[in-house]
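Here is the structure we will look at.
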Amino acid sequence: MEIVSALRVKSLYKIYGNRADKAVELLRDGADRDEKLADLPVTAAVVDANFEVRRGEIFVVMGLSGSGKSTLIRMLNGLLTPSYGTVEVDGVDITTLRPSALRKLRREKISMVFQHFALLPHRSVLDNAGYALEVAGVPRAERRERAHEALRMVGLDGWADKLPQELSGGMRQRVGLARALAAGTDIMLMDEAFSALDPLIRREVQDQLLELQADLGKTIVFITHDLNEAMRLGDRIAVMRDGRIVQIGTAEQILTDPSNDYVAQFVADVDRTRILTASSVMERPLGVVDVNSGPRVAARVLRETQTSAVYVTGRDKRFLGTVTADAATGAVRDGRQNLQEIVSTDHVRTVADDTPVADIFAPCAESPHPVAVVDADGRLAGVIPRVTLLSALGSVGTEVTGEPTRPEAAGGPGAGPAPAGTDGTTTPAARTPDPAPAVADTATPEVPAQVMADPPLRLEGEPA
Ligand SMILES: Nc1ncnc2c1ncn2[C@@H]1O[C@H](COP(=O)(O)OP(=O)(O)O)[C@@H](O)[C@H]1O
Ligand SMILES: [Mg+2]
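Take the sequence shown: its letters are residues 3 to 466, numbered as in the numbering used here.
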């Protein structure tokens, strides 16, 4: 079944300046475009953007200041007209709509929350929350009801009669959120909506958004220059650089498999333990035996693998527990035939494959043998020895060295030297039980100067 997209962007360009058409032509022609473009009085703010936003997902667009995020998001609701390309909202190309139709679209389908969204200082919180509805001509009673409902959702119903100045910064931002919610549109665009908040308040508002989203299932395009915010909120993240989208993927994909050095630099200092999950650090278990195979087989596998426990699976590869060397040799000695009797879960902890690495440390410490990782159906997906977990942790904040470190994948089809700048990030992926062949990445060899100087995205101040 085809996934229905709420938004679909194709070959989208926005060039500021007089010779926009010429610039698009040059850019579409390809090679040494930047050189040619230098002669034109233009700024290529968005270049050849292509993506779809799925219904109900939070799609984050992340990039440094000036990378084109605001320009991009403003084309999604027709506030800016593209220089080239199409934007489809629910299957309708909005780039050809007349101004009145665009206003209707913004009222009914796409609302927007800005960083410095203007709360009206002399009007109540309730009126502010219902402002978009007022502009849209919704009758007063209905407006108030919907605004109250939206305030309730963001936990501010008790503040309806207050003025904005009586609220804290975080609460004011929640009024902005309520305004977008009251509009009742399925699609919400949020341009740096939380960027002006201090970190703790910001965290709260992020949580609130995620909570609301779990209930409401809106389609959200969320712009941020903060990597951690992107990773926290985004179902998928598009990374922008100089007007181009350089990678689209889940937080985990971007961490474990950055498409080039630039992205790798961005993610170098993210808290991996929150993003990486059990499935991205687990290894293939050395000794696995079927429960029907008997103690003798278990003892042999233990000898061959020189491990102190084998992992036992039953029907459909479901994980049943471990058999230790002591138990296996004892059973063989006693002439027992049945492995079922000596399988135990006493010596191993089990975690789900989507457990964040941060939450695996405790089970790992308690587990005498490598932690067992199971999938949603209870099948044994892999194991995590303590040393693996520690080395995954060790890759946090690892500097780019350019050393190829994809030992297991190195011989696979299409494998080449690992791309520079991915050392710590790709190692866990390469350790998965079924490693995908490493794709020889044509990573750009040069690392952008400003990224070298200021690795974290957060360092870049946003213009007010
Ligand atoms: N109205 C405009 N006229 C000319 N250049 C602009 C205009 N708006 C933005 N730009 C330029 O376009 C580029 C992208 O800007 P913007 O979309 O605001 O990026 P971001 O939101 O990622 O900071 C920047 O180089 C910016 O200076
Ligand atoms: Mg911006």
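For glycine and all other residues, C-beta sits at the position ideal for the given N, C-alpha and C.
Please read these numbers as outputs of a predicted model, since none were measured by experiment.
Asked, Found
"Distance between Ala25 and Ala51 (C-alpha atoms, nearest Å)", "15 Å"
"DSSP state of Met284 mapped onto helix, strand, coil", "coil"
"For review: beta carbons within less than 6 Å of any heavy atom in ligand 1", "Tyr18, Thr45, Ala47, Gly65, Ser67, Gly68, Ser69, Gly70, Lys71, Ser72, Thr73"
"Cβ pair count under 8 Å reaching 3, the stretch 288-296 against the stretch 305-315", "yes"
"Contact test: Glu194 Cβ vs ligand 2 heavy atom, cutoff 7 Å", "yes"
"Alpha-carbon spacing of Glu144 relative to Glu151, whole angstroms", "11 Å"
"Three-pair Cβ contact test at 8 Å for the stretch 105-124 versus the stretch 165-172", "yes"
"For Val376 and Ala383, believed in contact at Cβ under 8 Å, the rounded distance", "6 Å"
"Segments assigned beta strand (DSSP E), at least 3 residues, entirely inside the stretch 270-326", "290-292, 311-315, 321-326"
"Selected residue, minimal CA-CA separation from Lys71, among Gly337, Val49, Gln267, Val91", "Val49"
"Start-to-end residues for the alpha helix (DSSP H) that takes in Arg146", "142-155"
"Beta-carbon proximity list for Thr307, same chain, < 8 Å, skipping 5 on both sides", "Leu288, Gly289"
"DSSP-derived helix/strand/coil call for Phe196", "coil"
"Reduced DSSP secondary structure (H/G/I, E/B, other) of Ala442", "Confidence at Ala442 is low in this model, with a pLDDT of 32, below 50, so its placement is unreliable and the value that follows should be read with caution. Three-state result, Ala442: coil."
"Beta-carbon proximity check, Ser69 vs Met242, cutoff 8 Å", "yes"
"Three-state class that DSSP yields for Met242 in the structure shown", "strand"
"Candidates Phe196, Ala327, Asp228: closest to Gly65 by CA position", "Asp228"
"Nearest-angstrom Cβ-Cβ length linking Ile256 and Gln249, presumed shorter than 8 Å", "6 Å"
"Run of the alpha helix (DSSP H) containing Leu78, from where it starts to where it stops", "71-78"
"Distance between Ala253 and Lys319 (C-alpha atoms, nearest Å)", "29 Å"
"Best match in Leu28, Tyr15, Ser7 for proximity to Arg57 [C-alpha to C-alpha]", "Ser7"
"Helix, strand or coil at Gln210 [DSSP, three-state]", "helix"
"Per-residue burial, Leu107 [other beta carbons within 10 Å of its own, 16 or more giving buried]", "buried"
"Nonlocal neighbours in the same chain, by C-beta distance under 8 Å from Val156, ignoring five residues either side", "Arg176, Val177, Leu179, Ala180, Leu183, Gln210, Leu214"
"Given Leu81 as reference, the closest of Ala354, Ser67, Leu99, Asp200 once Cα atoms are compared", "Leu99"
"DSSP three-state assignment for Ile222, whether helix, strand or coil", "strand"
"Between the CA atoms of Pro260 and Ala417 - distance to the nearest angstrom", "Low confidence applies here, because Ala417 scores a pLDDT of 34, under 50, leaving its location unreliable and the question unanswered by this model."
"Between the CA atoms of Asp271 and Val359 - distance to the nearest angstrom", "16 Å"
"C-alpha gap between Ala40 and Arg21, whole angstroms", "12 Å"
"Proximity winner among Tyr86, Met77, Phe61, relative to Leu28 (alpha-carbon distances)", "Tyr86"
"Top-ranked residue by Cα proximity to Asp31, from Arg302, Ser13, Ser170, Asp129", "Ser13"
"From Ile225, Phe61, Ile386, residue whose alpha carbon lies closest to that of Ser282", "Ile386"
"DSSP state of Ile112 mapped onto helix, strand, coil", "strand"
"Per-residue DSSP class, three states only, for Leu382", "strand"
"Under 8 Å between C-beta atoms of Leu341 and Ala327", "no"
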